[in-house]
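Novice: Just so you know, my numbering puts 36 at position 23 of the sequence shown, and the rest follows in order with no gaps. Here it is, the structure in full.
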Amino acid sequence: MGFERAHRFDKFSVYGLNQMALLKIRKFPDNVLKEPAQPVETIDGNLNGFIDSMAQTMYAAPGVGLAAPQVGDSRRIVVLDTDHENPGKHLLKLINPRVVEAEGSIVWEEGCLSVIDFTADVQRAERVLVRAWTLEQKEIEIEAEELLAVALQHEIDHLDGKLFIDRISRIKRELYRRKLAKMIKEGKADGKPPSAVRI
Ligand code: NI
């Protein structure tokens, strides 16, 4: 759906970094994914390393977005990059992001780095206006539509302790729970995320 996964990142070439500090991605049903994250009170240089590690982890996965709770950190921080043709060029590092305006409606097939072997159509706002803080302590506004709008809403959901499977029908969610339980029992849940857009 408008996104080809043909391009795989060379994880060592992003930013020219030669050392990786990949974080462990938590998977459903890990409890940290259900906890609402806390606002960041102080933006200072201490966040740089952590946010860079989040970005590296997102590119390496590969995914188009990652929220701090997905790596076990309950702070309101997300990284996003929907431009996989030019990794790093349009990377967003957002602190305390929030949707201030939303309009329209769009259905997108979503996947998530924290939800293995499952994708589903999810209805979201088609366009959003998001306000967030940057590492430079500036408040910025992002107008987004289509994939970026979907990804922003998906990541901000993570900060509120919500997964995309909380936005599908109860029956579909229950079927997924059963499938996952069976996979875990059979030792097949190797943590491989699905091959759709993972955010
Ligand atoms: Ni996700």
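Glycine included, every Cβ here is placed at the ideal spot set by N, Cα and C.
I need the straight-line Cα distance from Lys106 to Glu199, nearest angstrom please.
Specialist: C-alpha separation (whole angstroms): 38 Å.
Novice: On the DSSP bridge assignment, give the partners of Gly62 in chain order.
Specialist: DSSP output for Gly62 lists no bridge partner at all.
Novice: Hey, could you find the ends of the alpha helix (DSSP H) Val92 is sitting in?
Specialist: No alpha helix (DSSP H) contains Val92, which is instead part of the beta strand (DSSP E) from Ile90 to Leu93.
Novice: Can you tell me where the beta strand (DSSP E) with Gly152 in it begins and where it stops?
Specialist: Note that residue 152 is Glu in the sequence shown, not Gly. Here the beta strand (DSSP E) through Glu152 covers Glu152 to Glu158.
Novice: Less than 8 Å between the CB atoms is what I'm expecting for Ala164 and Val53, so what's the real figure, rounded?
Specialist: About 20 Å separates the two Cβ atoms, so there is no contact after all.
Novice: For Leu193, report the span of its alpha helix (DSSP H) as first-last.
Specialist: That run of the alpha helix (DSSP H) goes Arg183 to Lys198.
Novice: On a Cα-Cα basis, can you pick out the residue from Tyr72, Arg140, Gln150 and Arg183 that is closest to Gly101?
Specialist: Among Tyr72, Arg140, Gln150 and Arg183, the Cα nearest to that of Gly101 is on Tyr72.
Novice: Taking 7 Å as the cut-off, is the beta-carbon of Ser127 closer than that to any non-hydrogen atom of ligand 1?
Specialist: Ser127 Cβ: within cutoff of ligand 1.
Novice: What residue range does the beta strand (DSSP E) around Arg180 cover?
Specialist: First-last for Arg180: undefined, no H or E at that position.
Novice: Alpha carbon to alpha carbon, how far is Ala50 from Val112? Give it in angstroms, no decimals.
Specialist: Distance between the alpha carbons of Val112 and Ala50: 15 Å.
Novice: Exposed or buried, what is Gly62 when buried is set at 16 or more other beta-carbons lying within 10 Å of its beta-carbon?
Specialist: Answer is exposed; the Cβ neighbour count stays below 16.
Novice: One question on the structure: do Leu46 and Ser127 come within less than 8 Å of each other, judged by their Cβ atoms?
Specialist: Yes, they are a contact pair.
Novice: Which term fits His103, buried or exposed, when burial requires 16 or more other beta carbons within 10 angstroms of its beta carbon?
Specialist: It is exposed - the Cβ of His103 has fewer than 16 other Cβ atoms within 10 Å.
Novice: Residues in the same chain with beta-carbon distance under 7 Å from Ala34, minus the five sequence neighbours each way, listed in chain order, please.
Specialist: Taken in chain order, the residues that qualify are Ser66 and Gln69.
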